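Before any comments, here is the structure.
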Amino acid sequence: MTDTDEYRGVWTIAETAGGRVARVGFELLARGRLLAEKRGTELTAVVMGSGVGEEDLAELIQRGADVVLLVEAAELEHFLVEPFAACLAGLIRRHKPEIVIAGATTSGRTLMPYVAVKVRAGLTADCTGLDIDAETGGLLQTRPAIGGNIMATIKTPTARPQMATVRPRSTRPPERDAGRKGKIVREEPPAKLTSRVRRVEFIPAADVHTLGEADIVVSAGRGIKKSDNLPLVYKLAEALDAAVGASRDVVDRGWLSYPHQVGLSGKTVSPRLYVACGISGAIQHLAGMQTAEAIVAINSDPDAQIFRVADIGIVGDLFEVLPVLTEKIRQRKIDKG
Amino acid sequence: MRIAVPIKQVPETGAVKMDEATGTMIREGVEAIVNPLDLYGLELAIRLREAGGADDVVAISMGPPMAERAIREAVAMGCDRGVLISDRAFAGSDTWATSYVLAAAIRKLGGFELVICGERATDGDTGQVGPGIASFLDLPVVTYVSKVRGLEAGRIIVERLVEDGQEVLEAELPAVLTVVKAIGDPRLPTLRGKQKARKVEVPRWTPADLDVEAENLGLSGSPTRVVKIFRPTVARECEKLQVSDEASAQGAADRVVAFLREKNLL
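First to last, the protein sequences are chains A and B.
Under the numbering used here, the first residue of the first sequence is numbered 30, with each subsequent residue one higher.
Under the numbering used here, the first residue of the second sequence is numbered 13, with each subsequent residue one higher.
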């Protein structure tokens, strides 16, 4: 059995790409800060990469890290599971953190289970809530399961560290405090960083707003009446930096292509915000989007099914509502700079 | 070449009940299906065999005795055979303990060049077991594979779907892959497949058949525990705003902007 008291400190993984710390690395500091304070311990941001900019390391401290633990090697330029897992497992064995949190990204969701097996840690995926159990001091991890039908709170009674992944964009990075002090500690990577997988090339996505991974989705339904009215929806999507989805009606009519279709026969999405424009809310559509964190629906029919799953429902003419809403969102973004 | 495809039998979503005391799912009385995302793993394995890249595709599942049906369905689709790992000792396994047992079964079967998993199961939704199996077997893993470009003498070239595009990766075999839907639509069982599935013998393995430590099995071998289950607040209180003119449109838009700010979305 693990002596849990031997393990101290909260770690967050700051992913890097091309020598820059990704946004999710700063977001995780918000989660980590809360946990570190409740545990009365230090928050460490772990950076594994190659040629990571000093400015980004300083920013991790300014946004809440007490320590930045940096491992650099040419083999860590891009994510490959073996060298990254060798580094992280080595750091965990050496420093014994009690909690390790990473983003639920394609690399985080690969690295964490690989490492959890190696160090016999408890790992929980896609947590929406992280807290400390007042009684035991252990990590309480809350996550949705079974298509969002159920929430489960999970803990790791004796194994350490307690590991979790958290969805990107589920928190904001803490505010930057230029006067905040912390230290950057460089560690050597393991002597031999081998990988049986080689990166041959990278093909950037033409449209980064692929529906499935989008944080915000704005969808069009039959209420838009004809394809000529699509720009109204696109303008709102642009203002929100969102991907564009569609109901099956819209796709069947050829107004948008199949990759845009949300629902049982299309894509299941679980964005932070779903805006349904002129969508009635057939069961098959609801099944593809009802796990969104926030839902705003605009429909002229006050009895439309979509309002059953919406947080805010605007009962009205979308041709009247969308331009006003788009303009206000745009204005708000400009005001904020 | 031999390919293993770990699959999971899952409840048809929508009809799920939980045991509040143990925090585990009650599977009795709920229609059980092969995890829909595992069908993509089966499809790729069968395609590779058809293309001459494999000659033995084995479906492996850990679950209750009724999960034998999942194995037969995999055979009906085109797998050569399957193994069911089933015993009370495995009950309550989390992803760590599940990966441990599946890895032990793959090791026992032996001779695998590829292990192909679905992206995740639709009940647990973790996506952790594929990389976990790779880690226990000490093999490289490539997750989110959307396309196989080539399979030849000891290596596989695949495309991996990531947030901002597609990586092209070359992996030495043996390796573990997890696949996404873009890999290709799963086929339906054929009549011949169904006939074979009815007759095929599905061995059932218990801890005694595997090189495993009892202390690593089931609930007691699992590092994590579900301590509470609750219903999310799905019944959203829809705040309805009536828009009939310019002024009410302005008001509604202001309310939405305020809501988005509360939610940290703006």
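For every residue, glycine included, the Cβ atom is placed at its ideal position computed from N, Cα and C.
Values in this document were obtained by computation on a predicted structure and should not be read as measured data.
Among the options, the one whose alpha carbon lies nearest that of residue i
| i | options | result |
| --- | --- | --- |
| A235(A) | E175(B), L185(B), E85(B) | E175(B) |
| T45(A) | I161(A), P173(A), E106(A), H314(A) | E106(A) |
| V96(A) | A74(A), G80(A), G252(A) | A74(A) |
| G90(B) | A103(B), V113(B), T110(B), R61(B) | R61(B) |
| D206(A) | P126(A), A94(A), A154(A) | A94(A) |
| E184(B) | G139(B), V141(B), V70(B), F124(B) | F124(B) |
| R273(B) | K212(A), I213(A), R201(A) | R201(A) |
| Y112(B) | A79(B), R100(B), A146(B) | A146(B) |
| V262(A) | R138(A), I308(A), V148(A) | I308(A) |
| L63(A) | V39(A), L259(A), V146(A) | V39(A) |
| P126(A) | L117(A), V350(A), G132(A) | L117(A) |
| E249(B) | I253(A), P300(A), I324(A) | I324(A) |
| E349(A) | I253(A), E111(A), L315(A), L169(A) | I253(A) |
| A71(B) | L96(B), N47(B), G65(B) | L96(B) |
| E40(B) | P48(B), Y52(B), I58(B), P23(B) | P23(B) |
| I128(A) | T139(A), R37(A), R92(A) | R37(A) |
Separation of residue j from residue i, as counted between CA atoms
| i | j | result |
| --- | --- | --- |
| G274(A) | V246(A) | 6 Å |
| V268(B) | L354(A) | 8 Å |
| K211(B) | T218(B) | 22 Å |
| P219(A) | T70(A) | 27 Å |
| A311(A) | Q334(A) | 7 Å |
| T107(B) | E104(A) | 29 Å |
| T185(A) | P331(A) | 47 Å |
| V237(A) | G283(A) | No answer about V237(A) holds up, because its pLDDT of 49 lies below 50 and its placement is not dependable. |
| V291(A) | N328(A) | 17 Å |
| R243(B) | G158(A) | 14 Å |
| R277(A) | G250(A) | 8 Å |
| L265(A) | R132(B) | 33 Å |
| G64(B) | A194(B) | 21 Å |
| K255(A) | A259(B) | 26 Å |
| V100(A) | K357(A) | 45 Å |
| G137(A) | A43(A) | 10 Å |
| L149(B) | Q140(B) | 14 Å |
| A264(B) | A268(A) | 17 Å |
| E56(A) | R198(A) | 7 Å |
| D266(B) | V214(A) | 47 Å |
| V188(B) | F113(A) | 17 Å |
| G162(B) | I168(B) | 6 Å |
Burial state of residue i, where buried means 16 or more other Cβ atoms lie within 10 Å
| i | result |
| --- | --- |
| E85(B) | buried |
| Q191(A) | buried |
| P77(B) | exposed |
| P215(B) | exposed |
| P233(A) | exposed |
| K275(B) | exposed |
| I15(B) | buried |
| R122(A) | exposed |
| D85(A) | buried |
| P260(A) | exposed |
| G211(A) | buried |
Cβ-heavy atom distance, residue i to the ligand MN, below 6 Å
| i | result |
| --- | --- |
| G54(A) | Of ligands this structure carries none, so the ligand MN is not represented either. |
Proximity of residue i and residue j at Cβ, strictly below 7 Å
| i | j | result |
| --- | --- | --- |
| G130(B) | D50(B) | yes |
| G345(A) | F336(A) | no |
| L109(A) | S224(A) | yes |
| I161(A) | R60(A) | no |
| L222(B) | K120(B) | yes |
| L54(B) | V191(B) | no |
| D244(A) | R196(A) | no |
| V226(A) | L181(B) | yes |
| I128(B) | S73(B) | no |
| P152(B) | E111(A) | yes |
| T236(B) | G151(A) | yes |
Same chain only: Cβ atoms within 7 Å of residue i, ignoring 5 sequence neighbours per side
| i | result |
| --- | --- |
| E217(A) | none |
| M318(A) | V291, V298, Y303 |
| A109(B) | N228, L229, G230, G233, S234 |
| D32(A) | none |
Close-in-space but distant-in-sequence residues of the same chain around residue i (CB under 6 Å, 5 per side omitted)
| i | result |
| --- | --- |
| G136(B) | none |
| V170(B) | V154, V157, V160, L181 |
| P173(A) | M180 |
| Q21(B) | A44, G75, A79, A82 |
| A101(B) | P219, L229, G230 |
| A102(A) | P218, L222 |
| E385(A) | This structure gives no information on residue 385(A), because the portion of chain A shown stretches from 30 to 366. |
| V308(B) | There is simply no residue 308(B) to check, as chain B begins at 13 and stops at 278 in what is shown. |
| E179(B) | R172 |
Same chain, Cβ closer than 8 Å to residue i, five either side skipped, listed in chain order
| i | result |
| --- | --- |
| T139(A) | F108, V110 |
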